[in-house]
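Each residue of the sequence shown is one higher than the one before, starting from 28 at the first, in this note's numbering. Here the structure is laid out as structure tokens; the discussion comes afterwards.
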Amino acid sequence: MRSSMFHLNEMCFDNEKKLFEILPNFQAVLDDAHMPSNLNAKSWMVAGSGGNLIAALLVYPADMLKTRLIVQNVNPSLSNYHGIIHGFRKIWKMEGFVALYKGLLPTFLGVIPFAGGSFLAYEILDSSIAMSPSDLTPMYMFVSGCLAAAVAKVTLSFPFDTIRKKMQAQSKTLPNNGGVDVQFKGMTGALVQTVKVNGITGLWRGLSANLLKIAPNAGIMFLSFEYSKRIFLFYNGFTESPFSHVPKLYVDQSMSPNELRHHAMKKKGYNR
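As structure tokens, then:
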């Protein structure tokens, strides 16, 4: 799953570079060390959610199979799936292609608040500290990323994750209906039955273990995000070093990136 996500991001990199070159607003985001002043909360939610929705759609069958492999009997003689290829083939044959996307709707509903909320929470934490971008330490960026992911996961998205896994695991072709503790039909049924049997807190079961995975993952992601911005600024000749936001002496800072972009395009004869 992680390998698939890595290769997906790698394949998208070249296309993203072209978008940054073509669309002035995206380029302005790269050039600006104070992005929260240019993007509102809605923009951060959209930016943080869009890519995750596409990635989730493309790799979802692998996530579905992962859940089935986890919940199946540990005894090899009683297990239903013997490896990845066998698992895909059996699910497709016994339940149909659509079964590989069971639980996709709650996944989408959960990705939007988690991804968007993580980026928004990170920017709020980042802008609330009275420090210049060049003074931010790797540890600060890592901790901010961990906190942002934890806030978004606990408050916004984890119940959707719980429902998704129950929908993925449940199957009439499996012993004991996949081992799910409640019986239901569809996302709404899973939500209602889970609350009915386990109470409202049942939607947050397994949160602690999930945070042990999500928080450091997000911390590393945001740390990489910040250093990627610095590398882009240095590569385009705006800063003295790829490890800081200190501008070069000849860089004119009298205009904001958006104003500078508008001025440059106006000189070239473009109308915006």
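Beta carbons: idealized from backbone N, C-alpha and C, even for Gly. All figures in this text were calculated on a predicted structure; none of them were measured in a lab.
Per DSSP, what kind of secondary structure is residue i in: helix, strand or coil?
i           : result
residue 269 : coil
residue 103 : coil
residue 201 : coil
residue 180 : helix
residue 129 : coil
residue 172 : helix
residue 221 : helix
residue 212 : coil
residue 207 : coil
residue 229 : helix
residue 113 : helix
residue 108 : coil
On the DSSP bridge list, what partners appear for residue i?
i           : result
residue 274 : 266
Would residue i be called buried (16 or more neighbouring beta carbons within 10 Å of its own) or exposed?
i           : result
residue 197 : buried
residue 272 : buried
residue 292 : exposed
residue 257 : buried
residue 208 : exposed
residue 103 : exposed
residue 143 : buried
residue 116 : exposed
residue 202 : exposed
residue 42  : Since pLDDT at residue 42 reaches only 42, below the 50 mark, its modelled position is unreliable, and the value read off the structure follows with that caveat. Flag for residue 42 reads exposed.
With residue i and residue j assumed to form a contact (beta carbons below 8 Å), what rounded beta-carbon distance in angstroms separates them?
i           : j           : result
residue 241 : residue 217 : Residue 241 to residue 217, Cβ: 22 Å. No contact.
residue 195 : residue 210 : Between residue 210 and residue 195 the Cβ distance is about 15 Å, and since that is not below 8 Å, they are no contact.
residue 92  : residue 111 : 7 Å
residue 128 : residue 165 : That belief does not hold up - the Cβ atoms of residue 128 and residue 165 are roughly 38 Å apart, past 8 Å.
residue 83  : residue 124 : The Cβ separation is near 17 Å, so there is no contact.
residue 180 : residue 230 : Not a contact, Cβ separation roughly 12 Å.
Any beta carbon of chain B sitting closer than 8 Å to that of residue i?
i          : result
residue 84 : Any reference to chain B falls outside this structure, which holds one protein chain only.
Given 8 Å, three or more beta-carbon pairs between the segment 146-154 and the segment 171-187: yes
Segment contact flag, the segment 175-189 with the segment 130-140, C-beta cutoff 8 Å, min 3 pairs: yes
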